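Numbering (our numbering), first residue to last: 184 to 522.
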């Protein structure tokens, strides 16, 4: 097959990324039928993307995690001269999935996942607040997940292609997992380093069989406790201006607002939270000029909604456990331990 041009390669890379956002572990042979390229070409393009750090498949807490564990957003304030050291210390924490520097009143916004509320208290008291340079930490515990990052897409595929790739929802949802055993955790730790490694390789590294590895991982993802998420750097996805909003709505309209925000294509995350704001929502805009029209349209549709604060993300140091460089490319992973 002849070499593809850089323009075609860019479109193909986006198509592969979108496909893996719909079905992160889809077989290359199956995907080839949808995208019209050979499995070898698709595997080669993905290999190039991952080697550059431009795309990856991460293992993250799923939409049902808040029903069994504790997810929290942290707004961290620190001394200006200490920001670099504080960022480095926060990135190293295995309970901290995402670390971003922001505009506005907070220096950093964090996504934190721990087994329970007591673990959050210990994390704050023993690990986060003692970091030299931090002056204040505000925590907001997630109560309900309306949308999490694994549902965001680049939308490079048409409706027919997307429909063919969506993984069927089990007719009978797996019983919620009250706890994971050592094999489950080992599988997640290894899978975090390469979310598309073969079942055979994953099983060999964990001392089990391929069918067992697949059954265990699919049980965890089907339960909603764990999700696989295909991510990309800006050089692949294009310019992105992540913006996190703090909002309040009357209690009776919380589900209406959460579901409305969660259906928006630019939405990454929406959670109902504790604190003075009742909703935290992160949107990915293409430019800052889109923010004000978005706010105006949102408050027209939901007059009772009040935007109490907003933070434009200046730089993301870590996302879903993956450590990112200045261009947003993954340079390594620190697997999460909340499971």
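Glycine residues also receive a C-beta, built at the ideal position from the N, C-alpha and C atoms.
Treat the numbers as computed from the prediction; the structure is a model and nothing was measured.
* Asked: Straight-line CA distance for residue 197 to residue 337?
  -> Mapped onto the chain shown, residue 197 falls at position 14. Mapped onto the chain shown, residue 337 falls at position 154. Cα to Cα, residue 197 sits roughly 7 Å from residue 337.
* To do: Kindly identify the DSSP beta-bridge partner or partners of residue 288.
  => Position 105 of the chain shown, counting from 1, holds the residue named residue 288. As DSSP reads the structure, residue 288 sits in no beta bridge.
* **Strand pairing of residue 322, partner residues [DSSP]** => To locate residue 322, count along the chain shown from 1; it is residue 139. In DSSP, residue 322 forms a bridge with 257.
* Asked: Taking residue 432 as the reference, which of 251, 486, 470 has the closest Cα?
  -> Position 249 of the chain shown, counted from the start, is the residue given in the question as residue 432. Minimum Cα distance to residue 432 is reached at 486.
* How far does the beta strand (DSSP E) with residue 431 in it reach, from first residue to last? -> Translated into the one-based positions of the chain shown, residue 431 becomes position 248. Its beta strand (DSSP E) spans residues 424–431.
* N- and C-terminal bounds of the beta strand (DSSP E) containing residue 468 -> Locating residue 468 in the chain shown gives position 285, where the first residue counts as 1. The continuous beta strand (DSSP E) containing residue 468 extends over residues 462–468.
* Quick one: using the 10 Å Cβ neighbour count with 16 as the cut-off for buried, is residue 354 buried or exposed? => What you label residue 354 is simply residue 171 of the chain shown in a count that begins at 1. Note that residue 354 scores a pLDDT of 46, beneath 50, so its modelled location is shaky; the value from the coordinates is reported in the next line. A residue is called buried once 16 or more other Cβ atoms fall within 10 Å of its Cβ, and residue 354, having fewer, is exposed.
* Asked: Going straight from the alpha carbon of residue 402 to that of residue 396, what length do you get?
  -> Residue mapping note: residue 402 aligns to position 219 of the chain shown, counting from 1. Residue mapping note: residue 396 aligns to position 213 of the chain shown, counting from 1. Approximately 10 Å between the Cα atoms of the pair.
* Should residue 507 be flagged as near chain C, meaning a C-beta pair shorter than 8 Å? -> Within the model displayed, chain C is absent; a lone protein chain is all it includes.
* **residue 289 burial status per 10 Å Cβ neighbour count (16 or more: buried)** => As a working mapping, residue 289 is identified with position 106 in the chain shown. In summary, residue 289 is buried, with 16 or more beta-carbon neighbours lying within 10 Å of its beta-carbon over all protein chains present.
* If we count the other Cβ atoms within 10 Å of its Cβ and call it buried at 16 or more, is residue 300 buried or exposed? -> To locate residue 300, count along the chain shown from 1; it is residue 117. Residue 300 comes out exposed.
* **Minimum C-alpha distance to residue 457 - residue among 224, 217, 257** => Looking up residue 457 in the chain shown gives position 274. Of the residues 224, 217, 257, the one whose Cα lies closest to the Cα of residue 457 is 257.
* What number of angstroms, rounded off, separates the C-alpha of residue 389 from the C-alpha of residue 518? -> The sequence position of residue 389 within the chain shown is 206, counting from 1. The sequence position of residue 518 within the chain shown is 335, counting from 1. Taking the straight line from one Cα to the other gives about 15 Å.
* Thinking residue 199 and residue 228 are a contact (beta carbons under 8 Å), I'd like their distance in whole angstroms, please. => Numbered from 1 along the chain shown, position 16 holds the residue referred to as residue 199. Numbered from 1 along the chain shown, position 45 holds the residue referred to as residue 228. Going by Cβ atoms, the distance from residue 199 to residue 228 rounds to 6 Å, so yes, they are a contact pair.
* Along the beta strand (DSSP E) that carries residue 243, what are the first and last residues, could you check? => The residue labelled residue 243 in the question sits at position 60 within the chain shown. First-last of the beta strand (DSSP E) with residue 243: 238–244.
* Asked: What are the boundary residues of the alpha helix (DSSP H) that residue 402 is part of?
  -> Position 219 of the chain shown holds residue 402. Looking at the DSSP string, the run of the alpha helix (DSSP H) that includes residue 402 is 393–405.
* Would the stretch 315–332 and the stretch 458–471 be scored as touching if the rule is three or more Cβ pairs under 8 Å? -> Yes: at least three Cβ pairs fall under 8 Å.
* Near residue 394, which residues of its chain fall below 6 Å by C-beta distance, leaving aside the five closest residues on each side in sequence? -> The residue given as residue 394 occupies position 211 in the chain shown. Nothing listed; no residue qualifies.
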